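Participant: The numbering used here applies: residue 315 is where the sequence shown begins, and numbers increase by one.
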Amino acid sequence: MLLRRIARYFGFALAAICGFVAVSVTGASAKPIDVVATTSMIADTARQVAGDRAKVTALMGPGVDPHSYRQTRSDIAAMARADLVLWHGLYLEAQLEEFFLDLEKRRNVIAVGEAIDKSKLLSHAEYKGRYDPHVWMDPQLWETVVLAVRDALIKTDPEGEATYRANADKHIADIEKLITYMRSVTKTVPEKSRVLLTAHDAFSYFGRGYDFEVLGIQGISTESEAGLRRVEELVDTIVDRKIAAVFVESSVPERNVRALIEGAAARGQKVEIGGTLFSDAMGEPGTYEGTYIGMIDHNATLITRALGGDAPATGMQGKLAAGS
315 MLLRRIARYF GFALAAICGF VAVSVTGASA KPIDVVATTS MIADTARQVA GDRAKVTALM
375 GPGVDPHSYR QTRSDIAAMA RADLVLWHGL YLEAQLEEFF LDLEKRRNVI AVGEAIDKSK
435 LLSHAEYKGR YDPHVWMDPQ LWETVVLAVR DALIKTDPEG EATYRANADK HIADIEKLIT
495 YMRSVTKTVP EKSRVLLTAH DAFSYFGRGY DFEVLGIQGI STESEAGLRR VEELVDTIVD
555 RKIAAVFVES SVPERNVRAL IEGAAARGQK VEIGGTLFSD AMGEPGTYEG TYIGMIDHNA
615 TLITRALGGD APATGMQGKL AAGS
């Protein structure tokens, strides 16, 4: 009898221990992985693909310029404890590149923009052997980044592979709808008006994909200076071609655009600000424009309407703030 009681006791204890281990293992697998992304565009993509399997933090918020951004102490701490760090690459985060190249020797760090076939990239006018990093402006190119984020998540959290693949497929399907919308509205802009003049040269991939001539006051990087001669050249272009609208950007000071408007006005050409485009950062978190699809929808809709084309004020899904 005593032996049976002892056996029964140890049986219950073993079952309890096994149950505790099972709960612990289940809890561990259910705990979201910690992902840090540099730009808001990469962070949104990671959230779309990961769902509730990851906690995603963006280092750079609305209005932050990635070309000149430098890591803070809190950034370093966040990346040191993250399960996965995603950065863009292609010399977008120019001031962080050396840091990331060193960090990837010790941590799980992926440059997702580098996944794009180099034959599809535009060369960087200011740096030999470099490429224009603003690939998110062409959603077709961004689909490759979605897949790179998916693969990085699978490598980090293999148990979530089915979820990551399903979510990535859904996100790409949504991007395909965005592409269809962009093609339909941008083609309504009169051919002579297809000139997109902005604060810096961030829209070349948009221009190539949707047949717009793109002119930037500054170069590809906001670190380049816009000289007086460049401003005078663009004023000549505005006057000669009777350009009616130019655009400011949410992450770039608008003083150079204002100088263009004043220069054109002095020569009798009225030119207006067509609106504020999202170039290197998205809109405010929690808004439609604070998602990748909302950001690009905003840009395509605003450009189309400001340059004489036909697009609904509230965009592809009726989610844009009217007149934004």
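Glycine included, every Cβ here is placed at the ideal spot set by N, Cα and C.
Small disclaimer: the values here were computed from a predicted structure and weren't measured.
Who are the Cβ neighbours of T340 in its own chain at under 6 Å, not counting the five residues just before and after it?
Facilitator: Your numbering for residue 340 matches position 26 in the sequence shown. A caution first: T340 carries a pLDDT of 31, below 50, which makes its placement in the model unreliable, though a value can still be read off. Same-chain partners within the cutoff: there are none.
Participant: What number of angstroms, rounded off, separates the C-alpha of E603 from the C-alpha of N613?
Facilitator: Residue 603 sits at position 289 when you count from the first residue of the sequence shown. Residue 613 sits at position 299 when you count from the first residue of the sequence shown. Straight-line Cα distance between these residues: approximately 10 Å.
Participant: By how many angstroms is the C-alpha of P626 removed from the C-alpha of D446?
Facilitator: Along the sequence shown, one-based indexing puts residue 446 at 132. Along the sequence shown, one-based indexing puts residue 626 at 312. If you take the alpha carbons of D446 and P626, they lie about 30 Å apart.
Participant: Does the segment 470 to 486 come within contact of the segment 499 to 518, defined as at least 3 CB pairs closer than 8 Å?
Facilitator: The segment 470 to 486 is not in contact with the segment 499 to 518.
Participant: Return the CA-CA distance between D515 and V566, expressed in angstroms with no decimal places.
Facilitator: Here residue 515 refers to the residue found at position 201 of the sequence shown. Here residue 566 refers to the residue found at position 252 of the sequence shown. For D515 and V566, the distance between alpha carbons rounds to 11 Å.
Participant: Excluding the 5 residues preceding and the 5 following R367 in the sequence, name in chain order all residues of the same chain whose CB lies nearer than 8 Å to its CB.
Facilitator: Position 53 of the sequence shown, counted from the first residue, corresponds to residue 367. Hits under 8 Å: P346, I347, L467, D471, G474, T477 and Y478.
Participant: Got a sec? Which residues, its chain only, sit under 6 Å from T551 by beta carbon, not counting five neighbours each side?
Facilitator: The sequence position of residue 551 within the sequence shown is 237, counting from 1. Cβ neighbours of T551 beyond the five flanking positions: none.
Participant: Output the residue ranges of the alpha helix (DSSP H) runs that lie fully inside the segment 547 to 583 and measure 4 residues or longer, sorted by chain position.
Facilitator: The segment 547 to 583 contains these whole alpha helix (DSSP H) runs: 569 to 580.
Participant: List the whole-angstrom C-beta distance separating G588 from A635, where the pair is believed to meet the contact cut-off of C-beta under 8 Å.
Facilitator: Residue mapping note: residue 588 aligns to position 274 of the sequence shown, counting from 1. Residue mapping note: residue 635 aligns to position 321 of the sequence shown, counting from 1. With 8 Å as the limit, G588 and A635 do not qualify as a contact, their Cβ atoms being about 16 Å apart.
Participant: May I have the straight-line CA-CA distance separating D554 from Q583, to the nearest angstrom?
Facilitator: Working through the sequence shown from its first residue, we reach residue 554 at position 240. Working through the sequence shown from its first residue, we reach residue 583 at position 269. Each residue's Cα considered, the two are about 9 Å apart.
Participant: Using 7 Å as the cut-off, classify the Cβ of H485 as near or not near the heavy atoms of the ligand ZN, replying yes or no.
Facilitator: Questions concerning the ligand ZN fall outside what the structure shown contains, since it holds no ligand whatsoever.
Participant: Report the option in V449, I557 and K491 whose CA atom is closest to the CA atom of I607.
Facilitator: Residue mapping note: residue 607 aligns to position 293 of the sequence shown, counting from 1. For the residues V449, I557 and K491, the minimum Cα distance to I607 belongs to K491.
Participant: Which residues in the same chain have their Cβ closer than 8 Å to the Cβ of V363, if we skip the five residues on either side of it in sequence?
Facilitator: The sequence position of residue 363 within the sequence shown is 49, counting from 1. Once the five neighbours on either side are set aside, the close Cβ partners of V363 are V460, V463, R464, L467, Y478, N481, A482 and H485.
Participant: Can you give the Cα-Cα distance for G521 and L415, rounded to whole angstroms?
Facilitator: In the sequence shown, counting from the first residue as 1, residue 521 sits at position 207. In the sequence shown, counting from the first residue as 1, residue 415 sits at position 101. Their backbone Cα atoms lie some 31 Å apart in a straight line.
Participant: For A408, which option in T353, E546 and L574 has the closest C-alpha, if you only look at C-alpha atoms?
Facilitator: Taking the first residue of the sequence shown as 1, we reach residue 408 at position 94. Considering only alpha carbons, the answer is T353.
Participant: On the three-state DSSP scale, how would you describe S437?
Facilitator: Taking the first residue of the sequence shown as 1, we reach residue 437 at position 123. In the structure shown, S437 sits in a strand (DSSP, three-state: E or B).
Participant: If you measure between the beta carbons of V509 and I575, is that distance less than 8 Å?
Facilitator: What you label residue 509 is simply residue 195 of the sequence shown in a count that begins at 1. What you label residue 575 is simply residue 261 of the sequence shown in a count that begins at 1. In this structure, I575 does not lie closer than 8 Å to V509 by Cβ.
Participant: Quick one: what's got a C-beta closer than 6 Å to L435's C-beta in the same chain, skipping five residues either side?
Facilitator: Reading the sequence shown from its first residue, position 121 is the one you call residue 435. The answer, listed in chain order, is Y445.
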